[in-house]
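S.K.: Before we start, here is the structure in question, set down as structure tokens.
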């Protein structure tokens with residue numbers, strides 16, 4: 239056939255019978271190869287044809303967050319994400335929300351990659367790309383990128399050189415981690431529309447395996463164990479994946495793995511041919527494009543965009559598509575219902591409103607009595623969810639199974655609210671996988687469950703011990719929930735407030751006076767995020783006054799941390815940080831180190847001269 243690599247031989251007549259026999263044999267061999275190639279092509283076409291239809295149906299409609307009954311076409315809401323080559327190793331000790339602050343300052347210098355071009359090398363590259371590892375914080379759009387890639391392939395728009403694109407979710411693979419399968423059987427189990435796919439067809443096809451959510455995997459990926467080379471050879475699911483990744487099994491197959499940054503090192507670097515990072519909505523144009531699609535009223539959209547720009551915390555978080563959805567959900571509800579009062583300024587305020595909005599939506603869909611207040615049944619359910627959120631947050635879990643829910647007394651059969659903030663992600667083998675719509679929602683509900691005044695300092699100190707800051711946002715929410723406005727908003731859930739203005743001021747004073755000598759600079763920055771959630775900007779004002787003065791006064795260590803916080807939150811990208819400008823102790827200069835991450839990528843200059 240045209241374009242094939244088959245040997246092209248025609249029978250040649252010679253004077254000897256032996257020569258004629260050889261040529262005829264070669265001709266027949268070529269003919270059989272052609273038939274085999276045609277048979278393979280037909281098998282792939284039959285399998286891929288039905289599979290593409292199923293995959294298109296699965297990917298073309300999506301729901302943002304967990305809106306009940308509100309699915310829409312992916313192409314209508316999809317906004318191009320900022321994807322770059324390489325990983326940012328220096329942010330591994332920060333909470334993911336803080337990582338976004340850092341990355342937003344650096345991305346403007348990196349050339350973006352379309353998700354559809356993830357396996358296409360740069361013009362200067364000539365190496366083959368077989369395994370790609372894509373990292374990104376929770377909610378930044380990794381799974382949406384996978385779905386967009388798959389939809390474009392299924393619709394015949396992109397990457398048509400691939401004969402099959404096989405989706406495998408780690409959260410579903412967890413459910414079969416103790417089973418033994420061959421690769422072929424595993425494909426049949428997770429994709430019944432490919433049940434006619436044979437071992438021979440699979441072995442000779444150009445296949446892409448997309449393994450989504452490595453950070454959610456409970457599989458033990460041991461790259462030193464047995465080699466598997468046959469698609470019909472049975473083994474543990476973890477070993478099938480290991481051999482796919484290292485190329486022992488289906489060496490011609492492409493592999494795309496997505497993960498949150500903390501789990502990226504589970505794949506040996508030598509097995510990966512390209513590292514990429516999804517950074518969400520980095521530019522203001524991307525954010526505006528998203529909200530323009532969400533709000534049909536241009537005046538409302540302008541007001542929303544203007545409001546987000548006034549709060550640095552909201553602006554930073556809006557790099558996450560899922561936070562943009564949360565923000566749009568809250569502000570759309572407030573603007574449509576004509577609510578009086580200011581729009582949410584802090585993260586705690588935004589998430590408190592989100593909880594109330596989703597509760598009201600639950601009543602709308604379940605035809606319960608409407609009203610702005612939480613009912614006793616709502617409160618009971620939310621506190622159970624809060625307990626689940628808190629206990630699993632301490633264990634570092636973001637995925638839950640039926641037994642986890644039973645331990646806190648959750649019955650999702652009657653819990654309509656769960657579909658608004660907590661969702662059943664997939665069902666296979668009669669088993670369900672659950673998660674909150676975003677890690678930040680889990681952290682907020684954990685804080686709601688744990689909001690008792692005597693725990694504030696204790697939990698802040700515990701968060702300082704975390705090597706990667708995984709409790710930072712939880713502690714910020716804890717402090718924000720002590721604010722009177724948030725207590726009033728969630729009064730039915732939190733009960734009568736035992737934190738008066740005097741107690742709240744004592745909490746603020748304790749934060750300002752906290753001894754940070756044995757705390758890393760990265761962890762100490764969270765003190766100022768907590769103060770922001772408490773609407774206290776006095777240290778911020780002190781630093782502003784200092785910067786306007788002759789700078790002869792010596793900065794304390796806490797003021798140095800406050801200055802580093804201000805530099806991190808600033809929209810301006812520093813090119814040089816002159817430490818000699820600031821009079822402080824050696825420990826004080828160390829407190830300025832986090833500000834170095836705001837330096838422009840090409841320069842990264844720090845003048846350490848005193």
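In this note's numbering, the protein residues as written are 239 to 848.
Where is the CB? At the ideal position from N, CA and C, for every residue including glycine.
(1) Using the C-alpha atoms, what's the distance from residue 589 back to residue 448?
(2) Are there 16 or more other CB atoms within 10 angstroms of the CB of residue 366, so buried, or fewer, so exposed?
(3) If you follow the alpha helix (DSSP H) that residue 383 is part of, which residue opens it and which one closes it?
(4) Helix, strand or coil for residue 561, going by three-state DSSP, please let me know.
(5) Where does residue 410 land, buried or exposed, given buried means 16+ other C-beta within 10 angstroms?
(6) Cα separation between residue 536 and residue 594?
(7) Do residue 565 and residue 552 come within 8 Å of each other at the CB atom, strictly closer than that value?
(8) Does the count of Cβ pairs from the segment 386-400 and the segment 347-365 closer than 8 Å reach three?
(9) Could you tell me whether the segment 289-304 touches the segment 504-514, where touching means 3 or more Cβ pairs closer than 8 Å?
(10) Between 378, 321, 752 and 420, which lies nearest to residue 676 when the distance is taken from Cα to Cα?
(11) Residue range of the alpha helix (DSSP H) that residue 440 falls in?
(12) Identify the continuous alpha helix (DSSP H) that holds residue 522 and give its terminal residues.
(13) My output table needs one value for residue 661: the three-state DSSP class, helix, strand or coil.
(14) I'd like to know whether the C-beta atoms of residue 624 and residue 684 end up nearer to each other than 8 Å.
(15) Reducing DSSP to helix, strand and coil, say where residue 819 ends up.
(16) For the 8 Å Cβ check, are there 3 or more pairs between the segment 404-420 and the segment 543-551?
(17) Just the Cα atoms here: how many angstroms apart are residue 469 and residue 403?
(18) Rounded to whole angstroms, what is the Cα-Cα separation between residue 271 and residue 360?
(19) Taking the beta strand (DSSP E) that residue 320 belongs to, which residues open and close that run?
(20) Rounded to whole angstroms, what's the CA-CA distance from residue 679 to residue 673? Just pull it up for me.
(21) Classify residue 747: buried if its beta carbon has 16 or more other beta carbons within 10 angstroms, exposed otherwise.
(22) Considering just the uninterrupted stretch of the alpha helix (DSSP H) at residue 546, what are its terminal residues?
(23) Measuring CB atoms only, is the segment 441-461 touching the segment 491-508, in the sense that at least three cross pairs come out at less than 8 Å?
(24) Would residue 478 and residue 421 qualify as a contact pair, given that the criterion is a beta-carbon distance under 8 Å?
(25) Suppose contacts are defined by Cβ-Cβ distances below 8 Å. Is residue 823 in contact with residue 762 by that definition?
(26) Rounded to a whole number of angstroms, what is the C-alpha to C-alpha distance between residue 757 and residue 626?
(27) So, with DSSP's three-state summary, where would you put residue 494?
(28) Who pairs with residue 448 in a beta bridge, going by DSSP?
(29) What are the boundary residues of the beta strand (DSSP E) that residue 619 is part of?
(30) Residue 369 by DSSP, collapsed to three states: which one?
(31) Quick one: what's got a C-beta closer than 8 Å to residue 531's C-beta in the same chain, skipping five residues either side?
(32) Short of 7 Å in beta carbon distance, which residues of its chain neighbour residue 749, apart from the five on each side in sequence? Order them along the chain.
(33) If you draw a straight line from the C-alpha of residue 545 to the C-alpha of residue 752, how long is it?
(34) Would you mind sorting residue 786 into buried or exposed? The rule is 16 or more other CB atoms within 10 Å of its CB.
(35) So residue 563 packs on residue 825, CB below 8 Å; how close in whole Å?
(36) Beta-carbon separation of residue 719 and residue 516 under 8 Å?
M.R.: With the given structure in hand:
(1) Residue mapping note: residue 448 aligns to position 210 of the chain shown, counting from 1. Residue mapping note: residue 589 aligns to position 351 of the chain shown, counting from 1. The alpha-carbon atoms of residue 448 and residue 589 are separated by roughly 33 Å.
(2) Counting from 1 along the chain shown, the entry for residue 366 is found at position 128. That one is exposed.
(3) As a working mapping, residue 383 is identified with position 145 in the chain shown. Here the alpha helix (DSSP H) through residue 383 covers 380-392.
(4) Reading the chain shown from its first residue, position 323 is the one you call residue 561. Helix, per DSSP.
(5) Reading the chain shown from its first residue, position 172 is the one you call residue 410. Label assigned to residue 410: buried.
(6) Here residue 536 is taken as the residue at index 298 of the chain shown, counted from 1. Here residue 594 is taken as the residue at index 356 of the chain shown, counted from 1. For residue 536 and residue 594, the distance between alpha carbons rounds to 25 Å.
(7) The residue labelled residue 552 in the question sits at position 314 within the chain shown. The residue labelled residue 565 in the question sits at position 327 within the chain shown. Going by C-beta atoms, residue 552 is nearer than 8 Å to residue 565.
(8) yes
(9) no
(10) For the purposes of this step, residue 676 is identified with residue 438 of the chain shown, where counting begins at 1. Here the closest residue by C-alpha is 378.
(11) Along the chain shown, read from residue 1 onward, the residue named residue 440 stands at position 202. From DSSP, the alpha helix (DSSP H) with residue 440 extends over 437-441.
(12) If you number the chain shown from 1, residue 522 lands on position 284. First-last of the alpha helix (DSSP H) with residue 522: 522-532.
(13) Counted from its first residue, the chain shown places residue 661 at position 423. The answer is strand: DSSP assigns residue 661 an E or B state.
(14) In the chain shown, residue 624 corresponds to position 386, counting from 1. In the chain shown, residue 684 corresponds to position 446, counting from 1. Cβ distance < 8 Å, so residue 624 and residue 684 count as in contact.
(15) Here residue 819 refers to the residue found at position 581 when the chain shown is read from its first residue. Three-state DSSP puts residue 819 in a helix.
(16) Of all C-beta pairs linking the segment 404-420 to the segment 543-551, fewer than three are shorter than 8 Å, placing the two stretches out of contact.
(17) Locating residue 469 in the chain shown gives position 231, counting from the first residue. Locating residue 403 in the chain shown gives position 165, counting from the first residue. Those two C-alpha atoms are separated by around 16 Å.
(18) Within the chain shown, the letter at position 33 stands for residue 271. Within the chain shown, the letter at position 122 stands for residue 360. Confidence at residue 271 is low in this model, with a pLDDT of 49, below 50, so the placement of that residue is unreliable and no value is reported for it.
(19) What you label residue 320 is simply residue 82 of the chain shown in a count that begins at 1. Careful: residue 320 lies outside any beta strand (DSSP E) and carries neither H nor E.
(20) On the chain shown, residue 679 is found 441 positions in, with the first residue counted as 1. On the chain shown, residue 673 is found 435 positions in, with the first residue counted as 1. Taking the straight line joining both Cα atoms gives about 10 Å.
(21) Counted from its first residue, the chain shown places residue 747 at position 509. Flag for residue 747 reads exposed.
(22) For this step, residue 546 is matched to residue 308 along the chain shown. Looking at the DSSP string, the run of the alpha helix (DSSP H) that includes residue 546 is 536-548.
(23) Yes: at least three Cβ pairs fall under 8 Å.
(24) Position 240 of the chain shown, counted from the start, is the residue given in the question as residue 478. Position 183 of the chain shown, counted from the start, is the residue given in the question as residue 421. Taking 8 Å as the Cβ cut-off, residue 478 and residue 421 qualify as a contacting pair.
(25) Here residue 823 is taken as the residue at index 585 of the chain shown, counted from 1. Here residue 762 is taken as the residue at index 524 of the chain shown, counted from 1. Not a contact, by the Cβ cut-off of 8 Å.
(26) For the purposes of this step, residue 757 is taken as residue 519 along the chain shown, with counting starting at 1. For the purposes of this step, residue 626 is taken as residue 388 along the chain shown, with counting starting at 1. Whole-angstrom Cα-Cα distance: 29 Å.
(27) For the purposes of this step, residue 494 is taken as the residue at position 256 of the chain shown. Note: residue 494 maps to strand in three-state DSSP.
(28) Numbered from 1 along the chain shown, position 210 holds the residue referred to as residue 448. Beta-bridge pairing links residue 448 to 405 and 494.
(29) Translated into positions along the chain shown, residue 619 becomes position 381. Premise fails: residue 619 lies in the alpha helix (DSSP H), 614-633, not in any beta strand (DSSP E).
(30) Residue numbering aside, residue 369 sits at position 131 when the chain shown is read from its first letter. Reduced to three states, the DSSP call for residue 369 is strand.
(31) Locating residue 531 in the chain shown gives position 293, where the first residue counts as 1. Cβ neighbours of residue 531 beyond the five flanking positions: 314, 315 and 317.
(32) Residue mapping note: residue 749 aligns to position 511 of the chain shown, counting from 1. Excluding sequence neighbours, residue 749 sits near 765, 768 and 769.
(33) To locate residue 545, count along the chain shown from 1; it is residue 307. To locate residue 752, count along the chain shown from 1; it is residue 514. Between the alpha carbons of residue 545 and residue 752 lies a gap of roughly 32 Å.
(34) Stepping through the chain shown from its first residue, residue 786 is reached at position 548. Of the other Cβ atoms in all chains shown, fewer than 16 fall within 10 Å of the Cβ of residue 786; this residue is therefore exposed.
(35) Sequence index remark: in the chain shown, residue 563 carries index 325 (1-based). Sequence index remark: in the chain shown, residue 825 carries index 587 (1-based). Residue 563 to residue 825, Cβ: 42 Å. No contact.
(36) Indexing the chain shown from 1 puts residue 719 at position 481. Indexing the chain shown from 1 puts residue 516 at position 278. Cβ distance not < 8 Å, so residue 719 and residue 516 don't count as in contact.
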